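Notes follow once the structure below has been shown.
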Ligand SMILES: [Zn+2]
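Residue numbers (UniProt numbering): 1 to 475.
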């Protein structure tokens with residue numbers, strides 16, 4: 001037997017939140033009262049799931065023995081006060097529901113206190129009682145008590161007791177049974193982990209438990225991410241490796257606890273900027289995109305500031321994110337077997353424990369052959385952009401056209417520390433990867449740990465100073 005408490009204040013629907021199939025709890029109207037969470041019908045946002053665990057606060061007024069494991073289904077049809085105690089702040093949330101008798105008719109109501117049943121029930125939803133499901137809508141507190149997976153006849157007994165109590169029937173006349181503690185085996189524990197490794201085991205008609213924190217669904221031939229998975233707001237680890245997923249829905253960003261996302265061996269061709277701007281920015285620490293078909297990552301990728309471990313091996317990347325140096329927590333980076341000709345200049349800001357860039361077609365750097373994009377005199381736009389960055393003048397989309405903001409985001413930095421936008425000299429130089437990583441996997445079969453990295457110069461002066469130093473040190 002499963003008990004859900006719906007706080008009506010967060011979900012304005014006047015409908016019972018049940019469907020017939022598979023115990024799904026579906027809110028029939030779009031729920032727009034949850035800021036920042038979109039407006040799709042995701043009932044999980046409004047529900048506080050409770051399990052039949054030992055009560056947090058012991059309901060008052062028990063006549064029978066109080067047993068620490070006293071809980072539904074047995075205790076549900078026992079007395080005539082409806083008491084619920086729950087603590088959404090514990091992990092996992094726990095609570096209990098009892099119907100018990102109480103010597104006084106007047107009952108204080110509050111957190112963890114029993115709710116009087118008499119004239120406190122707004123409505124019963126009993127259409128699916130034969131399937132072991134029903135909802136009791138209380139006036140105060142304003143919650144819907146949703147019961148599911150119950151024995152149908154026990155549930156009917158329970159509901160008739162509650163109905164009689166609501167009508168003010170004398171306690172002695174209520175069909176109550178003795179409080180018998182439930183056995184441990186009858187108590188449904190919240191399921192936090194589910195591992196599926198074949199298509200045969202993938203649930204098609206049943207819902208995933210809302211309590212899941214770790215879900216693996218590998219080798220299931222999934223072509224897209226199941227919307228039901230996106231409702232699992234407690235997910236910390238999601239492993240969808242070895243499937244056929246081509247695109248990621250932006251709503252993955254609604255999984256506010258997601259720390260690990262494994263998409264190894266899928267058919268992804270991109271990773272959207274919207275995902276990088278989502279709540280994943282604050283939670284995502286592990287991202288495995290290896291063995292896909294990704295050609296480039298969006299500029300916003302470096303907003304995923306909490307990333308510690310990033311796997312990009314076996315893709316078709318022709319460049320790494322321009323501002324990769326912003327990933328200050330990154331410690332493990334692998335991008336082996338891609339199509340990288342060189343590394344972005346920001347790469348030197350990284351501070352890694354482990355780096356693997358094996359098997360990329362790195363170009364041979366030659367600082368004496370510059371790519372000159374310098375336009376003299378500088379355009380007004382270039383001057384303004386340089387000044388904006390060099391003098392740290394605040395800007396934003398409320399002040400500037402968005403394309404200018406985007407251009408400023410990708411401004412280059414010269415060796416002298418100044419910024420340049422589209423007028424610069426670019427060269428590639430050799431960098432020993434040990435400068436940015438403690439352990440470096442060899443770049444090629446020749447035993448090298450060096451790779452070409454881009455350098456920018458804002459002026460001919462800066463470039464010629466660099467050349468002087470370079471020629472001196474190379475004899
Ligand atoms: Zn310069």
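All C-beta atoms, glycine included, are put in the ideal place defined by N, C-alpha and C. Bear in mind that the values here come from a model prediction, so they are computed numbers and not experimental data.
Contact between residue 353 and residue 250 is absent: CB atoms are separated by about 31 Å, not below the 8 Å threshold.
DSSP places residue 247 in no alpha helix (DSSP H); its state is neither H nor E. Proximity annotation: ligand 1 has residues 414, 416, 418, 458, 462 in chain order, each selected because its CB is closer than 5 Å to a heavy atom of the ligand.
Per DSSP, the beta-bridge partners of residue 214 are 193, 237. Proximity to residue 332 across 348, 307, 339 peaks at 307, based on C-alpha coordinates. When the alpha-carbon of residue 272 is set against those of 314, 321, 228, 193, the nearest one is in 321.
Cβ-Cβ separation between residue 239 and residue 262: approximately 4 Å, consistent with a contact (criterion under 8 Å).
Shown here, residue 388 sits in a helix according to DSSP, grouped into three states. Bridge partners of residue 431 according to DSSP: 451. For residue 451, the closest alpha carbon among the candidates 243, 212, 355, 472 is that of 355.
Counted as a single uninterrupted DSSP element, the beta strand (DSSP E) harbouring residue 438 occupies residues 437-441. Close CB contacts of residue 466 within its chain, under the 7 Å cut and outside five residues either way in sequence, are with 415, 457 (chain order). Each residue's CA atom was taken as its position, placing residue 349 and residue 433 some 11 Å apart. Among the bridge pairs identified by DSSP, residue 129 is matched with none. Distance from the CA of residue 143 to the CA of residue 120, rounded to the nearest whole angstrom, comes to 11 Å.
Remark: three or more beta-carbon pairs, one from each stretch, lie closer than 8 Å, so the region 406-426 and the region 377-389 are flagged as touching.
In the DSSP assignment, the residues bridged to residue 334 are 311, 356. Put simply, of 300, 337, 128 the residue whose alpha carbon is nearest the alpha carbon of residue 318 is 337. In the structure shown, residue 144 falls within a strand segment according to DSSP collapsed to helix, strand and coil. One Cα belongs to residue 219, the other to residue 211, and the distance between them is close to 23 Å. In the DSSP assignment, the residues bridged to residue 288 are 262, 311. A residue is called buried when at least 16 other Cβ atoms come within 10 angstroms of its Cβ; residue 305 does not meet this threshold and is exposed. Across the set 440, 406, 130, the C-alpha of 406 shows the shortest separation from the C-alpha of residue 300. In the three-state scheme derived from DSSP, where H, G and I count as helix and E and B as strand, residue 282 is classed as helix. Here residue 457 is bridged, per DSSP, to 425. Around the C-beta of residue 191, fewer than 16 other C-beta atoms lie within 10 Å, and the residue is accordingly described as exposed.
Residue 361 and residue 430 do not touch by the CB rule: their CB atoms are close to 16 Å apart, not below 8 Å. In the structure shown, the three-state DSSP call for residue 208 is coil. A Cβ-Cβ distance of about 19 Å is found for the pair residue 283 and residue 264, leaving them out of contact under the 8 Å criterion.
Taking 8 Å as the cut-off, the beta carbon of residue 248 is found no closer than this to the beta carbon of residue 280. For residue 136, the enclosing beta strand (DSSP E) stretches over residues 134-138.
For residue 228, there is no enclosing alpha helix (DSSP H), as DSSP marks it with neither H nor E.
Pairing residue 391 with residue 408 gives a Cβ-Cβ distance that is not under 8 Å. The C-beta of residue 463 has 16 or more other C-beta atoms within 10 Å across all chains shown, which makes the residue buried. In the displayed model, residue 184 falls within a helix according to three-state DSSP.
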